[in-house]
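For reference, the structure is listed below as structure tokens.
Protein chains: 2
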Amino acid sequence: MKDGHGTRTGEVMAAIRSKVSTRALVAGDRLPSIRSFAATMGVSPSTIVEAYDRLAAEGLIRARRGSGFYVAGHGLPPLALSEAEPRRDRAVDPFWVSRQSLDADPAAAKPGCGWLPADWMPHGALRRALRILARAEDSLLADYGGTRGSPALRRLLLGRFAAEGLEIAPDRIMLTGSGTQAIDLICRFLLRPGDTVLVDDPCYFNFRALLRAHQVRIVGVPYTPSGPDVAAFETILSEERPRLYITNSALHNPTGATLSPQAAYRVLNAASAHDLTIVEDDIFADFEPEPSPRLAVLDGLDRVIRIGSFSKTLSASIRCGYIAARADWIECLVDLQVATSFGGPSPVATQLIAGVLAGGGYRKHMEELRQRLARARHEVAIRLEPLGIQPWHMPRGGFYLWCRLPEGRDSAALARAAVEENVVLAPGNVFSVSQTAGSFLRFNVAQSGDPRIISVLGRAMGVHRAA
Amino acid sequence: MKDGHGTRTGEVMAAIRSKVSTRALVAGDRLPSIRSFAATMGVSPSTIVEAYDRLAAEGLIRARRGSGFYVAGHGLPPLALSEAEPRRDRAVDPFWVSRQSLDADPAAAKPGCGWLPADWMPHGALRRALRILARAEDSLLADYGGTRGSPALRRLLLGRFAAEGLEIAPDRIMLTGSGTQAIDLICRFLLRPGDTVLVDDPCYFNFRALLRAHQVRIVGVPYTPSGPDVAAFETILSEERPRLYITNSALHNPTGATLSPQAAYRVLNAASAHDLTIVEDDIFADFEPEPSPRLAVLDGLDRVIRIGSFSKTLSASIRCGYIAARADWIECLVDLQVATSFGGPSPVATQLIAGVLAGGGYRKHMEELRQRLARARHEVAIRLEPLGIQPWHMPRGGFYLWCRLPEGRDSAALARAAVEENVVLAPGNVFSVSQTAGSFLRFNVAQSGDPRIISVLGRAMGVHRAA
Numbered sequence: 001m002k003d004g005h006g007t008r009t010g011e012v013m014a015a016i017r018s019k020v021s022t023r024a025l026v027a028g029d030r031l032p033s034i035r036s037f038a039a040t041m042g043v044s045p046s047t048i049v050e051a052y053d054r055l056a057a058e059g060l061i062r063a064r065r066g067s068g069f070y071v072a073g074h075g076l077p078p079l080a081l082s083e084a085e086p087r088r089d090r091a092v093d094p095f096w097v098s099r100q101s102l103d104a105d106p107a108a109a110k111p112g113c114g115w116l117p118a119d120w121m122p123h124g125a126l127r128r129a130l131r132i133l134a135r136a137e138d139s140l141l142a143d144y145g146g147t148r149g150s151p152a153l154r155r156l157l158l159g160r161f162a163a164e165g166l167e168i169a170p171d172r173i174m175l176t177g178s179g180t181q182a183i184d185l186i187c188r189f190l191l192r193p194g195d196t197v198l199v200d201d202p203c204y205f206n207f208r209a210l211l212r213a214h215q216v217r218i219v220g221v222p223y224t225p226s227g228p229d230v231a232a233f234e235t236i237l238s239e240e241r242p243r244l245y246i247t248n249s250a251l252h253n254p255t256g257a258t259l260s261p262q263a264a265y266r267v268l269n270a271a272s273a274h275d276l277t278i279v280e281d282d283i284f285a286d287f288e289p290e291p292s293p294r295l296a297v298l299d300g301l302d303r304v305i306r307i308g309s310f311s312k313t314l315s316a317s318i319r320c321g322y323i324a325a326r327a328d329w330i331e332c333l334v335d336l337q338v339a340t341s342f343g344g345p346s347p348v349a350t351q352l353i354a355g356v357l358a359g360g361g362y363r364k365h366m367e368e369l370r371q372r373l374a375r376a377r378h379e380v381a382i383r384l385e386p387l388g389i390q391p392w393h394m395p396r397g398g399f400y401l402w403c404r405l406p407e408g409r410d411s412a413a414l415a416r417a418a419v420e421e422n423v424v425l426a427p428g429n430v431f432s433v434s435q436t437a438g439s440f441l442r443f444n445v446a447q448s449g450d451p452r453i454i455s456v457l458g459r460a461m462g463v464h465r466a467a
Numbered sequence: 001m002k003d004g005h006g007t008r009t010g011e012v013m014a015a016i017r018s019k020v021s022t023r024a025l026v027a028g029d030r031l032p033s034i035r036s037f038a039a040t041m042g043v044s045p046s047t048i049v050e051a052y053d054r055l056a057a058e059g060l061i062r063a064r065r066g067s068g069f070y071v072a073g074h075g076l077p078p079l080a081l082s083e084a085e086p087r088r089d090r091a092v093d094p095f096w097v098s099r100q101s102l103d104a105d106p107a108a109a110k111p112g113c114g115w116l117p118a119d120w121m122p123h124g125a126l127r128r129a130l131r132i133l134a135r136a137e138d139s140l141l142a143d144y145g146g147t148r149g150s151p152a153l154r155r156l157l158l159g160r161f162a163a164e165g166l167e168i169a170p171d172r173i174m175l176t177g178s179g180t181q182a183i184d185l186i187c188r189f190l191l192r193p194g195d196t197v198l199v200d201d202p203c204y205f206n207f208r209a210l211l212r213a214h215q216v217r218i219v220g221v222p223y224t225p226s227g228p229d230v231a232a233f234e235t236i237l238s239e240e241r242p243r244l245y246i247t248n249s250a251l252h253n254p255t256g257a258t259l260s261p262q263a264a265y266r267v268l269n270a271a272s273a274h275d276l277t278i279v280e281d282d283i284f285a286d287f288e289p290e291p292s293p294r295l296a297v298l299d300g301l302d303r304v305i306r307i308g309s310f311s312k313t314l315s316a317s318i319r320c321g322y323i324a325a326r327a328d329w330i331e332c333l334v335d336l337q338v339a340t341s342f343g344g345p346s347p348v349a350t351q352l353i354a355g356v357l358a359g360g361g362y363r364k365h366m367e368e369l370r371q372r373l374a375r376a377r378h379e380v381a382i383r384l385e386p387l388g389i390q391p392w393h394m395p396r397g398g399f400y401l402w403c404r405l406p407e408g409r410d411s412a413a414l415a416r417a418a419v420e421e422n423v424v425l426a427p428g429n430v431f432s433v434s435q436t437a438g439s440f441l442r443f444n445v446a447q448s449g450d451p452r453i454i455s456v457l458g459r460a461m462g463v464h465r466a467a
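Chains as they are written, first to last, in full-length UniProt numbering: chain A, 1 to 467; chain B, 1 to 467.
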């Protein structure tokens, strides 16, 4: 039985051969990991190892040192898919979390990632919008769009803003390639290397990565359950003269906290006294159970710039963001987007998003999401409790739970250990300018249902649980 | 007949009312221009003016000073669509051309734009790819993609490179949001404000806009029908020490010229002697009738970075570009793209592009395009001849014809006059760092079939044509 025919090894080999012959796997594709394929086939990992080794000897697949097995090709080197194999030896910094999450093995548990599971998204509506798009006119499918992006989508956004009490002229809004690109364009427009920028401490980790790319000085203001510590905010504005403050007012990332009306008023007053521009990232707006204060609305978009996207509620695969700001700034930002991206966001993308938003089902989808998240938030808090992991604050909505570890625990060490077991965590210090959040973890409650998470955390912390 | 019932004015009013009641026009939409709707309805412009005025008096539509009529709304101000009404008073610079082209009235003739007409694109294949995508798994429709972008599309690109004799490891390629974003990321990675960057003179106008955003010094090297003037290139490298050279080797934009093997060799040698990095923008590669020398291939992607996109041959609505370079650079560029865009390009976009490219019909589509373009190039040259407008060089392929105007003509003045008649031209100096191309125009032969173009040019130049 040279090729293992009739044995368990032979079954595994036949399964892989069949995937290759039906082109489910093609030259350069990475084979399933030993562990996951063992589970799939109901055999031991050593059986998979033997089967893969035999197939490699036959030349059908090829081993790559430290990165698994690949289907051999026609002179082409196998594609080392970084998305299946992010480098684990890098420093645990904002990029570590982004790349571990974005490039995670599909079988990984990702309580540290910043998005909902794909099956929580409105895929029915997305599929419908795609089928409608397949019948759109040629120009929508093939031409560049206008520099400000889809009029239909901008109109929908203006309607939502008006419902919040923010009535703005249409020349004050533009669409961008993504929410991150919206902030990036604003930074390019307003900042010069060496400027000082204020963020919350903790804040969304990618604000730190983005600002690093702009070579600016980053200062953090301590965040409280009702917004930034206003006294500290005022002192920093006097002493540090920051050019920009970037924040989330509602369902703040990572804490899930909400800006209070009093803090909003004082923040805006201090900003006005010191000529500070504020970028308010409203990406979690639709997750709020009821509306909370917004700097953009209070200020009427004078010194506040509102940005947002559809990645958290609709699709992260279809990229699009927006900027609402002073008309003269929008005019300059449009030029900057033309220079750096040629044109606005993909018309195909904006048409799909406008299709889903206008489709009627979106409001119901958000209603269901909010209820589902409330349940998940409660359940995750209960499951973390026996490990001594406590929420810093119980958010009103959204999908984050910012949690404190038991005394003396280091979340970066925990994250390093967990990633070895295919669990991607978001350790506190990636969110902290002052590096004072080492005992925190951010949990995405929608991605925390996998039982591996609690067991990996328990093992890594050496907690013995009652059977 | 208060509402014009039974008259021509009444017919026009009824047509608009019907568009509003069927929601073909909704609140904020701009009505067709007087001139174009007069042509559509077969009535005089004054009839349209009267009809619009009456509808405005009824409150159904609203006039906006100097920018036409809009459907009135529910408290929302009308959406001033900049794409229908680009500002015409700006300086004639690279942004002028971009914005006039991108935001042109759909009825405009755009011989100055940089893309093919929508009906020349593979819309059948695009529609098919959309219908297939509507049945894709949830994660493709809803999740962020990996940081390097779709493995299938990268694999397709690697296969094409290998066919050119450029066999590179898979860790040397990444996908980006667009071709322009690819160059932008490279500039962010390699350049610092005050650096010197070399471009061809003339060069693609948006290179100038993009480099301006990076606050670098731009130096131009005279371009000849066989590539940059090599002696001048060598002198500039010695004297100016540029950090980067950005060029198109094949079917150079705007001239349509092709780099000769001798020029390629000397450019690469000089770059090596002066430690210059080269970005070779390969966006027109598929339009070549037969392959020509590439710096990226000669050099093996050591000091040359190859970038490209699918906007010219497949769709400009579905945005995606790529970068192929040294592996250590790609690693840094991936981080930069994560920081500034969070993740790679839209998975929905890359899936659509991979679907069309892999679909078999693409090669035939390109074959047909090349033939169609060859005919159009010939026809446009013949039609321009009586106006004394002469090609500087007859390109082997692509869609550009770089033409010299008769003695004493200024292409910027011509472009300003033409845009008033809804014809968007690309005047020479937007392409020229030294501002020495004022007597040139770039024609897109695929967009130059509209008879208005020749008559507007003739009128603007005061040429009397035989009847």
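Note that the Cβ used here is the ideal one computed from N, Cα and C, for glycine as well. All values reported here derive from a predicted model rather than from experimental measurement.
Between residue i and chain B, is any beta-carbon pair separated by less than 7 Å?
i        : result
A:Ser82  : Confidence in A:Ser82 is poor, its pLDDT being 33 and thus under 50, which makes the residue's placement unreliable; the coordinate value appears in the next sentence. Yes, A:Ser82 counts as interfacial toward chain B.
A:Leu79  : In this predicted model, A:Leu79 has a pLDDT of only 28, less than 50, meaning its place in the structure is not dependable enough to derive any value.
A:Arg442 : no
A:Asp229 : no
A:Asp119 : yes
A:Arg155 : yes
A:Gly28  : yes
Interface residues of chain A around residue i at Cβ under 9 Å?
i        : result
B:Trp115 : Ala142, Asp143 and Tyr144
B:Gln100 : Under the 9 Å cutoff, chain A gives no residues; its nearest Cβ is about 10 Å from B:Gln100.
B:Arg127 : Leu133, Ala134, Arg135, Ala136 and Leu141
Use the C-beta contact count for residue i: other C-beta atoms within 10 angstroms, 16 or more gives buried, fewer gives exposed.
i                      : result
A:Ile382               : exposed
A:His365               : buried
A:Gln337               : buried
B:Ala358               : exposed
B:Ala376               : buried
residue 505 of chain A : Beyond the ends of chain A as shown, which are 1 and 467, falls residue 505 of chain A; an answer cannot be given.
A:His378               : exposed
A:Ser101               : buried
How many angstroms separate the CA atom of residue i from the CA atom of residue j?
i        : j        : result
A:Gly397 : A:Glu288 : 5 Å
A:Arg243 : A:Pro254 : 23 Å
A:Pro347 : B:Asn206 : 20 Å
A:Thr313 : B:Leu405 : 54 Å
A:Thr235 : A:Arg326 : 27 Å
A:Arg319 : B:Glu50  : 44 Å
B:Arg127 : B:Ser33  : 31 Å
B:Arg148 : B:Ile173 : 8 Å
A:Arg294 : A:Ile307 : 12 Å
A:Phe284 : A:Ser311 : 10 Å
Shorter than 7 Å from the beta carbon of residue i to some beta carbon of chain A?
i                      : result
B:Asp105               : no
B:Arg452               : no
residue 468 of chain B : The structure shown does not extend to residue 468 of chain B, since chain B is modelled only from 1 through 467, so no value can be given for it.
B:Pro347               : yes
B:Asp93                : no
B:Glu85                : Caution applies to B:Glu85, whose pLDDT of 43 falls short of 50 and renders its modelled position unreliable; the model cannot decide the point.
Just the chain B side, please: which residues come within less than 8 Å of residue i by C-beta, in chain order?
i        : result
A:Thr340 : Thr180, Gln181, Asp184, Leu210 and Ala213
Please compile the residues from chain B whose C-beta is within a distance smaller than 7 Å of the C-beta of residue i.
i        : result
A:His123 : Asp138, Leu141 and Ala142
A:Arg131 : Arg131 and Ala134
A:Gly220 : Going along chain B, no residue has its Cβ under 7 Å from A:Gly220, so there is no contact; the nearest lies around 18 Å.
Members of the segment 306 to 338 of chain A that neighbour chain B once the beta carbon cut-off is set at 7 Å: If the cut-off is 7 Å between Cβ atoms, the segment 306 to 338 of chain A has Ser315, Ala316, Ser317, Ile318, Arg319, Asp335, Leu336 and Val338 near chain B.
Could you run through the segment 183 to 206 of chain A and flag, in chain order, every residue whose CB is less than 8 Å away from some CB of chain B? Cβ contacts with chain B: Asp184, Arg188, Pro193 and Asn206.
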